[in-house]
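Take a look at the structure set out below.
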Amino acid sequence: MRIATWNVNSLKVRLEQVQKWLAENQPDILCLQETKTEDANFPMLEFQQAGYQVVFSGQKTYNGVAIISKHAVTDVQYGLPNFEDLQKRMIAATIDGMRIVCVYIPNGESIDSDKYKYKLAWLAALQAWLKDELQHYPKLALLGDYNIAPEDRDVHDPVAWAGKVLVSEPERAVFSGLQQLGLRDAYRLFEQPEKSYSWWDYRMMGFRRNHGLRIDHILISETVSCTASSIDKAPRKLERPSDHTPVWAEVF
DNA sequence: ATGGCTTCATAGTGAAGA
Numbered sequence: 073m074r075i076a077t078w079n080v081n082s083l084k085v086r087l088e089q090v091q092k093w094l095a096e097n098q099p100d101i102l103c104l105q106e107t108k109t110e111d112a113n114f115p116m117l118e119f120q121q122a123g124y125q126v127v128f129s130g131q132k133t134y135n136g137v138a139i140i141s142k143h144a145v146t147d148v149q150y151g152l153p154n155f156e157d158l159q160k161r162m163i164a165a166t167i168d169g170m171r172i173v174c175v176y177i178p179n180g181e182s183i184d185s186d187k188y189k190y191k192l193a194w195l196a197a198l199q200a201w202l203k204d205e206l207q208h209y210p211k212l213a214l215l216g217d218y219n220i221a222p223e224d225r226d227v228h229d230p231v232a233w234a235g236k237v238l239v240s241e242p243e244r245a246v247f248s249g250l251q252q253l254g255l256r257d258a259y260r261l262f263e264q265p266e267k268s269y270s271w272w273d274y275r276m277m278g279f280r281r282n283h284g285l286r287i288d289h290i291l292i293s294e295t296v297s298c299t300a301s302s303i304d305k306a307p308r309k310l311e312r313p314s315d316h317t318p319v320w321a322e323v324f
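Using my numbering, you'd call the opening residue of the first sequence number 73 and step up by one each time.
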């Protein structure tokens with residue numbers, strides 16, 4: 073089963089790119105973040121006509137997550153049950169015997185901001201909830217925009233980024249904590265090119281200069297097998313791209 | 001260098017992203 077994640081930075085703007093990517097790559101499951109679309113306006117038919125089911129949790133302007141699936145979707149969970157949140161950042165469902173958790177983890181702005189505190193609180197709730205969720209669903213995949221670059225090799229300029237949001241020690245500690253729950257970074261299970269990133273700044277020709285970060289991840293539990301994982305840079309080269317590009321993994 | 005781009009929003013000295 074091919075599973076994937078993509079922060080599309082507005083589904084309305086990127087719908088055609090997503091449809092094309094689905095047709096060309098045929099994933100079984102695609103998790104989307106930053107749909108920026110209210111549920112009433114979600115383009116459900118467009119995906120259904122392509123043979124996909126969709127579940128989504130969105131809002132106007134910001135955030136918003138969705139799971140697009142070729143297979144039956146059951147037991148949908150909207151938002152973290154242990155964290156009151158007006159921001160639509162999590163949706164989970166069971167698909168083909170696997171618990172699929174789609175997250176848009178808060179950005180955090182800067183380490184001295186209230187948004188950073190919110191990010192760490194959100195992450196603590198996610199970690200606590202996942203520990204419990206893994207008891208109920210040993211076969212689990214956590215896909216999304218984590219807004220965390222777990223290691224220096226995931227950062228184009230680790231010296232410039234040192235200590236900043238997205239790479240700070242408390243954020244990386246949570247990423248390690250998730251790994252201690254038995255979750256493995258699918259991408260790092262395989263030999264990968266150096267300087268591999270999933271996001272590049274729109275400004276200053278970030279993509280062309282490969283000034284990026286690897287902040288979109290697929291973590292899989294111990295009972296999930298994985299045969300391949302990669303970052304597909306092709307959509308980032310398109311006209312009017314998202315600043316993130318899809319990450320996928322082949323699992324069973 | 002708090003800029004630089006992009007989106008959604010409103011008509012802001014904009015907000016937020018990463």
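Backbone N, C-alpha and C define an ideal beta-carbon position, used for all residues, glycine too.
Through-space distance from Asn282 to His228, alpha-carbon basis: Start at 1 with the first residue of the first sequence, and residue 228 comes out as number 156. Start at 1 with the first residue of the first sequence, and residue 282 comes out as number 210. Their backbone Cα atoms lie some 7 Å apart in a straight line.
Does the segment 184-194 come close enough to the segment 135-149 to have 3 or more Cβ pairs within less than 8 Å? Note that the segment 184-194 does not touch the segment 135-149; fewer than 3 beta-carbon pairs, one per stretch, sit closer than 8 Å.
Member of Leu87, Ile183, Pro313 whose CA lies at the smallest distance from the CA of Glu241: In the first sequence, residue 241 corresponds to position 169, counting from 1. Per the Cα distances, Ile183.
Identify whether Ile124 lies in helix, strand or coil by the three-state DSSP scheme. Taking the first sequence and counting its residues from 1, one reaches residue 124 at position 52. Per the sequence shown, residue 124 should be read as Tyr rather than Ile. In this structure, Tyr124 counts as coil in the three-state DSSP scheme.
Can you give me the start and stop residues for the beta strand (DSSP E) that Glu322 sits inside? Within the first sequence, the letter at position 250 stands for residue 322. Per DSSP, the continuous beta strand (DSSP E) segment holding Glu322 begins and ends at 319-323.
Ala213, buried or exposed, once every other Cβ within 10 Å from all chains shown has been counted against 16: Locating residue 213 in the first sequence gives position 141, where the first residue counts as 1. Answer is buried; the Cβ neighbour count reaches 16.
Asp147, DSSP secondary structure in three states: Counting from one through the first sequence, the residue named residue 147 turns up at place 75. In the three-state reduction of the DSSP assignment, Asp147 falls in the strand class.
In the DSSP assignment, the alpha helix (DSSP H) including Ser240 goes from what residue to what residue? The residue labelled residue 240 in the question sits at position 168 within the first sequence. Taken as a continuous stretch (DSSP letters only), Ser240 belongs to no alpha helix (DSSP H), as it is neither H nor E.
Assumed close pair Ser301, Phe262 - CB separation to whole angstroms, cut-off 8 Å: Position 229 of the first sequence holds residue 301. Position 190 of the first sequence holds residue 262. In this structure Ser301 is in contact with Phe262, their Cβ atoms being roughly 6 Å apart against a cut-off of 8 Å.
In three-state terms, what does DSSP make of Met277? Position 205 of the first sequence, counting from 1, holds the residue named residue 277. Helix, per DSSP.
Near Val173, what residues of its chain come up, given a Cβ to Cβ distance below 6 Å and the 5 sequence neighbours on each side ignored? Position 101 of the first sequence, counted from the first residue, corresponds to residue 173. Closer than 6 Å at Cβ, skipping near neighbours: Ala164, Leu214.
Round the Cβ separation of Val175 and Met162 to the nearest angstrom and send it over; I've been treating them as touching at under 8 Å. Position 103 of the first sequence, counting from 1, holds the residue named residue 175. Position 90 of the first sequence, counting from 1, holds the residue named residue 162. That belief holds up - the Cβ atoms of Val175 and Met162 are roughly 5 Å apart, short of 8 Å.
Figure out for me which residue from Leu291, His316, Val127, Thr107 has the closest Cα to the Cα of Thr166. Residue 166 sits at position 94 when you count from the first residue of the first sequence. Minimum Cα distance to Thr166 is reached at Val127.
Contact check, Ala245 vs Leu285 under 8 Å by CB: the rounded distance? Residue numbering aside, residue 245 sits at position 173 when the first sequence is read from its first letter. Residue numbering aside, residue 285 sits at position 213 when the first sequence is read from its first letter. The pair is not a contact, with the Cβ atoms about 18 Å apart (cut-off 8 Å).
What is the residue span of the alpha helix (DSSP H) that Ala164 lies within? Here the question's residue 164 lines up with position 92 in the first sequence. Ala164 -> not in any alpha helix (DSSP H); beta strand (DSSP E) instead, spanning 162-167.
Using only CA atoms, which one of Lys267, Leu310, Gln199, Trp93 lies nearest to Asn154? Residue numbering aside, residue 154 sits at position 82 when the first sequence is read from its first letter. With distances taken between CA atoms, Asn154 lies nearest to Gln199 out of Lys267, Leu310, Gln199, Trp93.
Is it right to say Asp257 is buried, meaning 16 or more other beta carbons lie within 10 angstroms of its own, or is it exposed? Position 185 of the first sequence, counted from the first residue, corresponds to residue 257. Asp257 comes out buried.
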